[in-house]
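Trainee:
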Amino acid sequence: PPLLWYSVLWTLERTPDHEMRLHELAEEVFLSRSNITRLIDRLEAAGLICRKRCSMDRRGAYAALTEDGLAMRKKMWAVYSEGIAKYFTNHLNEEEVQVLDAVFDRALTTAQTLTRQHTVQEG
1 PPLLWYSVLW TLERTPDHEM RLHELAEEVF LSRSNITRLI DRLEAAGLIC RKRCSMDRRG
61 AYAALTEDGL AMRKKMWAVY SEGIAKYFTN HLNEEEVQVL DAVFDRALTT AQTLTRQHTV
121 QEG
């Protein structure tokens, strides 16, 4: 499965109820609302997530991780982590790994902030 599928499954797994509003999920994985809808259609067809209607806002919907989705995310990580280690992190010392982790964390935080600001401006 595509790496983007992993991003969605991992994002949902990290939430308390393993579900998230579609517009929030789009922000987290840096997709437009139309692109997240198409992606969710594919993930739902594969049985990895299910859609739930929002009880407070009939127009809103949640994406919820299924047991199959959780299992797939774990299988995907086993493959991806092996590749990351083999081609990347095995060639760094501990200090370099920590620096790289801090740089990626900062870049991710900045990207999330900018995405939220852009969403508010479009809003």
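All residue numbers for the sequence shown refer to the UniProt record's numbering, where the first residue is 1 and numbers rise by one.
Built from N, CA and C at the ideal position, the CB exists for glycine as well.
So, is Y62 buried or exposed, given that buried needs 16 or more other C-beta atoms within 10 angstroms?
Mentor: Buried is the call here.
Trainee: Taking C-beta to C-beta, are R106 and W10 nearer than 8 Å?
Mentor: For R106 and W10, no; Cβs fall outside 8 Å.
Trainee: Since Y6 contacts Y80 with CB under 8 Å, what's their CB separation in whole angstroms?
Mentor: Indeed they touch by this definition, with Cβ atoms about 7 Å apart.
Trainee: Can you give the beta carbon distance from G83 to R21, rounded, assuming they're within the 8 Å contact cut?
Mentor: With a Cβ gap of about 32 Å, G83 and R21 do not count as contacting.
Trainee: For G114, I'd like the list of residues in its chain whose CB is within less than 8 Å of its CB, leaving aside the five on either flank, ordered along the chain.
Mentor: The amino acid occupying residue 114 in the given sequence is Leu; Gly does not appear at that position. For L114, where only same-chain residues beyond five positions count, there are no Cβ hits under 8 Å.
Trainee: Quick check on DSSP: helix, strand or coil for M56?
Mentor: DSSP places M56 in coil when its eight states are reduced to three.
Trainee: Nearest to T15 by alpha carbon, out of T109, L70, K75 and V99?
Mentor: When each option's Cα is compared against that of T15, the closest is L70.
Trainee: Based on DSSP bridge pairs, tell me the residues matched to I49.
Mentor: Its beta-bridge partners are L65.
Trainee: How about L48 and D68: do their beta carbons lie closer than 8 Å?
Mentor: Taking 8 Å as the Cβ cut-off, L48 and D68 qualify as a contacting pair.
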